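Mapping to UniProt numbering: the sequence shown position 99 is 99, numbers consecutive.
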Amino acid sequence: MSSTIYSIKCYIKNNPYQLSIRVDSDDANSINNPLPTDELEVKFTDISLDNIIPSITRLCFEPINEKKNTIVPEVISLNHLLSVQQLTKVPNKNRRNFNDNNKPIDRNIMVTTMNESSQQTSCATLNTLVSENAVQQTPKIRRQASRRRFFSNQSYIDCEIDPIYKTGIKIRYVDVSNLIRWSVKKLEIEMETEDITNELYFNLNLCLSTLEQRPHKLLAFVNPFGGKGRASVVFEKSVLPIFNAANIAV
1 MSSTIYSIKC
11 YIKNNPYQLS
21 IRVDSDDANS
31 INNPLPTDEL
41 EVKFTDISLD
51 NIIPSITRLC
61 FEPINEKKNT
71 IVPEVISLNH
81 LLSVQQLTKV
91 PNKNRRNFND
101 NNKPIDRNIM
111 VTTMNESSQQ
121 TSCATLNTLV
131 SENAVQQTPK
141 IRRQASRRRF
151 FSNQSYIDCE
161 IDPIYKTGIK
171 IRYVDVSNLI
181 RWSVKKLEIE
191 METEDITNEL
201 YFNLNLCLST
211 LEQRPHKLLA
221 FVNPFGGKGR
231 ASVVFEKSVL
241 PIFNAANIAV
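In structure tokens form, the structure reads like this:
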């Protein structure tokens, strides 16, 4: 049975998720440091170092609206977490402004013409000018906005989140779903307020600080003749990004 030491609501791709930091059952540690097993009992916002066990600590993402997203992993082990980066508030350019843009256009627009000799102004409607010039009017069909097209581009957005600005963090982790070839992936997590973002950023960095077996510097030897001469290319494109994301100098 796992114990939840931290839980918060977040948004990924505008979809709500429940992010939880859980510690799997460990008989030796559970006797000395008992932890709450129910998420409703988790009321503290700061994580204690005594409750973090790197080998059995993991991040869990549970969708709230029961909408499965294959991009979002269900579980990320703490040992596979590379780095945590805090994102600043930036305007969301993907959103469109639908205010006062669909008002009908009035055809009776007053047009003012200037007579150079008399410097007198006269006003006439647009329809009158068109009829005097004997220009045949081409009927224009206003294109109605498709309701299906409008709502298809809109994801589930909670009313509490800011529609213009967003704040969150970006995490990089190692995807080990393919046992033969690992890859580095990133995940952007949005929060409702900046205080919650700072809180999650602090707690995740606190979890990363417990990884004592992770070195700060690493010396790597690459055989230039290995892999039919492709060892150096594979190391630079596939292996080295993992160390760089984990802030390990190679």
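All C-beta atoms in this analysis are idealised placements derived from N, C-alpha and C, irrespective of residue type, glycine included. Source: prediction; values computed, not measured.
Asked	Found
Taking DSSP as the reference, what is the three-state secondary structure of Asn223?	coil
To which residues of the same chain is Ile222 closer than 6 Å at the C-beta, ignoring the five residues directly before and after it?	The question names Ile, but residue 222 in the sequence shown is Val. Here the set comprises Ala231, Ser232 and Phe235.
Do Leu59 and Ile5 come within 7 Å of each other at the CB atom, strictly closer than that value?	no
Shortest alpha-carbon distance to Arg181 belongs to which of Phe61, Asp50 and Ser238?	Ser238
Between which two residues does the beta strand (DSSP E) holding Ile76 run?	Val75 to Ser77
Mind checking whether Tyr173 and Ile76 have CB atoms under 7 Å apart?	yes
Between the beta-carbon of Ala249 and the beta-carbon of Val184, is there less than 7 Å?	no
Quick one: give me the first and last residue of the alpha helix (DSSP H) that Glu199 is part of.	Glu194 to Leu208
With DSSP collapsed to three states, give me the class of Ile105.	For Ile105, the predicted structure reports a pLDDT of 44, less than 50, and the residue's modelled location is therefore unreliable. A value from the coordinates is still provided. Ile105 falls in the coil class under three-state DSSP.
Do Thr197 and Gly168 have their C-beta atoms within less than 7 Å of each other?	yes
Please identify the residue among Leu206, Asn247 and Gly226 whose C-alpha is closest to the C-alpha of Pro54.	Leu206
So, helix, strand or coil for Ile171, using DSSP?	strand
Determine the extent of the beta strand (DSSP E) in which Asn15 is found, giving its start and end residues.	Asn15 to Val23
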